[in-house]
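Written below as C-alpha coordinates is the structure these notes are about.
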Amino acid sequence: MTSAPAIGFEYRPSRRFALGLALAALLSGLAVALCALPLWLKLSLLMAVSLTTVAAIRRIISSPVAAAGWSADNGWLLHMHSHEDVPATLASFRVLGSWVLLRLCTPEHGIHGLLLAPDNSDADIRRRLRMRLATLQPAEAVPRL
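In C-alpha coordinates, the structure reads:
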(Lines of atoms letter the chains of each structure in order from A; the text may use other names.)
(Lines give C-alpha, C1' and ligand atoms only; values in the text may rest on other atoms or scores of the structure.)
Protein backbone atom coordinates (compact mmCIF):
# COMPACT_ATOMS: atom_id res chain seq x y z
CA MET A 23 0.00 0.00 0.00
CA THR A 24 1.38 3.41 -0.89
CA SER A 25 1.66 6.14 1.68
CA ALA A 26 -0.80 9.01 1.75
CA PRO A 27 0.30 12.11 -0.15
CA ALA A 28 1.27 15.24 1.69
CA ILE A 29 -1.45 17.83 2.29
CA GLY A 30 -0.60 21.52 2.43
CA PHE A 31 -2.89 24.51 2.70
CA GLU A 32 -2.82 28.20 3.42
CA TYR A 33 -4.79 29.21 6.49
CA ARG A 34 -6.83 32.26 7.27
CA PRO A 35 -9.42 32.43 10.05
CA SER A 36 -13.04 31.77 9.15
CA ARG A 37 -14.98 35.01 8.99
CA ARG A 38 -18.25 33.06 8.95
CA PHE A 39 -17.38 31.50 12.32
CA ALA A 40 -16.50 34.91 13.79
CA LEU A 41 -19.79 36.30 12.48
CA GLY A 42 -21.68 33.37 14.02
CA LEU A 43 -19.94 33.98 17.33
CA ALA A 44 -20.93 37.65 17.22
CA LEU A 45 -24.52 36.69 16.41
CA ALA A 46 -24.62 34.25 19.35
CA ALA A 47 -23.28 36.99 21.63
CA LEU A 48 -25.92 39.40 20.33
CA LEU A 49 -28.68 36.89 21.06
CA SER A 50 -27.32 36.19 24.55
CA GLY A 51 -27.13 39.93 25.17
CA LEU A 52 -30.75 40.24 24.07
CA ALA A 53 -31.72 37.45 26.47
CA VAL A 54 -29.97 39.24 29.33
CA ALA A 55 -31.65 42.53 28.42
CA LEU A 56 -35.11 40.93 28.41
CA CYS A 57 -34.75 38.98 31.66
CA ALA A 58 -36.09 40.16 35.02
CA LEU A 59 -32.79 41.03 36.67
CA PRO A 60 -31.93 44.33 38.33
CA LEU A 61 -30.50 46.94 35.98
CA TRP A 62 -27.02 46.89 37.53
CA LEU A 63 -26.79 43.13 37.06
CA LYS A 64 -28.04 43.36 33.47
CA LEU A 65 -25.41 45.97 32.66
CA SER A 66 -22.61 43.96 34.23
CA LEU A 67 -23.68 40.79 32.38
CA LEU A 68 -23.92 42.70 29.08
CA MET A 69 -20.44 44.10 29.67
CA ALA A 70 -19.08 40.62 30.43
CA VAL A 71 -20.67 39.15 27.28
CA SER A 72 -19.34 42.01 25.15
CA LEU A 73 -15.80 41.83 26.50
CA THR A 74 -15.50 38.06 26.21
CA THR A 75 -16.92 38.11 22.69
CA VAL A 76 -14.49 40.81 21.56
CA ALA A 77 -11.58 38.92 23.15
CA ALA A 78 -12.61 35.63 21.51
CA ILE A 79 -13.08 37.18 18.06
CA ARG A 80 -9.78 39.04 18.36
CA ARG A 81 -8.00 35.79 19.28
CA ILE A 82 -9.63 33.96 16.36
CA ILE A 83 -8.87 36.67 13.79
CA SER A 84 -5.24 37.16 14.88
CA SER A 85 -4.07 33.59 14.37
CA PRO A 86 -0.29 33.48 13.90
CA VAL A 87 -0.54 30.52 11.50
CA ALA A 88 -0.26 31.37 7.79
CA ALA A 89 -0.09 27.84 6.36
CA ALA A 90 0.03 24.23 7.48
CA GLY A 91 1.29 21.02 5.98
CA TRP A 92 0.82 17.36 6.81
CA SER A 93 3.62 15.26 5.34
CA ALA A 94 3.32 11.69 4.12
CA ASP A 95 5.07 10.44 7.27
CA ASN A 96 2.42 12.09 9.53
CA GLY A 97 4.56 15.08 10.51
CA TRP A 98 2.93 18.49 10.72
CA LEU A 99 4.65 21.78 9.85
CA LEU A 100 3.17 25.21 10.56
CA HIS A 101 4.31 28.28 8.64
CA MET A 102 3.80 31.31 10.86
CA HIS A 103 3.17 34.91 9.82
CA SER A 104 6.62 35.67 11.23
CA HIS A 105 8.03 33.54 8.34
CA GLU A 106 9.26 30.73 10.57
CA ASP A 107 8.44 27.07 10.04
CA VAL A 108 7.52 25.25 13.23
CA PRO A 109 7.08 21.47 13.58
CA ALA A 110 3.80 20.49 15.24
CA THR A 111 1.95 17.42 16.43
CA LEU A 112 -1.73 16.73 16.05
CA ALA A 113 -3.18 17.07 19.56
CA SER A 114 -6.78 16.39 18.56
CA PHE A 115 -9.25 16.83 15.75
CA ARG A 116 -12.96 16.97 15.13
CA VAL A 117 -14.90 16.66 11.90
CA LEU A 118 -18.23 18.50 11.99
CA GLY A 119 -20.00 17.99 8.67
CA SER A 120 -17.92 19.80 6.08
CA TRP A 121 -15.94 21.63 8.79
CA VAL A 122 -12.63 20.27 10.11
CA LEU A 123 -11.20 21.46 13.41
CA LEU A 124 -7.53 20.69 14.10
CA ARG A 125 -5.62 21.32 17.33
CA LEU A 126 -1.90 21.36 16.61
CA CYS A 127 0.66 21.55 19.40
CA THR A 128 4.06 23.20 18.96
CA PRO A 129 6.79 23.24 21.61
CA GLU A 130 7.59 26.94 21.12
CA HIS A 131 4.16 28.44 20.45
CA GLY A 132 1.70 26.22 22.34
CA ILE A 133 -1.56 24.91 20.91
CA HIS A 134 -3.12 26.34 17.75
CA GLY A 135 -6.68 25.65 16.71
CA LEU A 136 -7.28 25.65 12.96
CA LEU A 137 -10.90 25.68 11.83
CA LEU A 138 -11.25 24.78 8.16
CA ALA A 139 -14.67 25.87 6.96
CA PRO A 140 -16.23 26.39 3.53
CA ASP A 141 -15.38 30.11 3.59
CA ASN A 142 -11.65 29.76 4.33
CA SER A 143 -10.53 26.53 2.66
CA ASP A 144 -10.99 24.46 -0.45
CA ALA A 145 -13.51 21.61 -0.37
CA ASP A 146 -10.91 19.21 -1.78
CA ILE A 147 -8.43 20.02 1.01
CA ARG A 148 -11.09 19.38 3.66
CA ARG A 149 -12.11 16.12 1.95
CA ARG A 150 -8.49 14.89 1.82
CA LEU A 151 -7.98 15.85 5.48
CA ARG A 152 -11.16 14.01 6.52
CA MET A 153 -10.00 10.90 4.65
CA ARG A 154 -6.55 10.90 6.28
CA LEU A 155 -7.90 11.73 9.72
CA ALA A 156 -10.25 8.75 9.45
CA THR A 157 -7.24 6.43 9.07
CA LEU A 158 -5.52 7.57 12.28
CA GLN A 159 -5.22 5.16 15.17
CA PRO A 160 -6.72 6.35 18.48
CA ALA A 161 -3.27 6.73 20.05
CA GLU A 162 -2.05 9.03 17.24
CA ALA A 163 -4.49 11.83 18.03
CA VAL A 164 -7.27 11.96 20.56
CA PRO A 165 -10.41 12.93 18.60
CA ARG A 166 -11.84 15.20 21.25
CA LEU A 167 -11.62 18.83 22.31
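By the count of this note's numbering, the sequence shown reaches residue 167 at its end, each step adding exactly one. Glycine is no exception: its CB is placed at the ideal position from the N, C-alpha and C atoms. From a predicted model like this one, the values you see are computed outputs, not experimental measurements.
- With the rule of 3 Cβ pairs closer than 8 Å, the stretch 76-84 does not count as touching the stretch 106-114.
- Of all C-beta pairs linking the stretch 84-98 to the stretch 33-43, three or more are shorter than 8 Å, placing the two stretches in contact.
- Scanning Ala94, Ala156, Ala46 for the CA closest to the CA of Leu118 turns up Ala156.
- For Asp107, the enclosing beta strand (DSSP E) covers residues 107-118.
- In this chain, the beta strand (DSSP E) harbouring Arg125 covers 121-128.
- The beta carbon of Ala44 sits closer than 8 Å to the beta carbons of Thr75, Ile79 from its chain, once the five residues preceding and following it are set aside; these are given in chain order.
- Of the residues Ser120, Gly51, Met153, the one whose Cα lies closest to the Cα of Ser72 is Gly51.
- Per DSSP, reduced to three states, the secondary structure at Leu151 is helical.
- With contact defined as three or more Cβ pairs closer than 8 Å, the stretch 139-150 and the stretch 113-130 are in contact.
- Sequence-distant Cβ neighbours of Arg150 in its own chain, meaning closer than 7 Å and more than five residues away, are Ile29.
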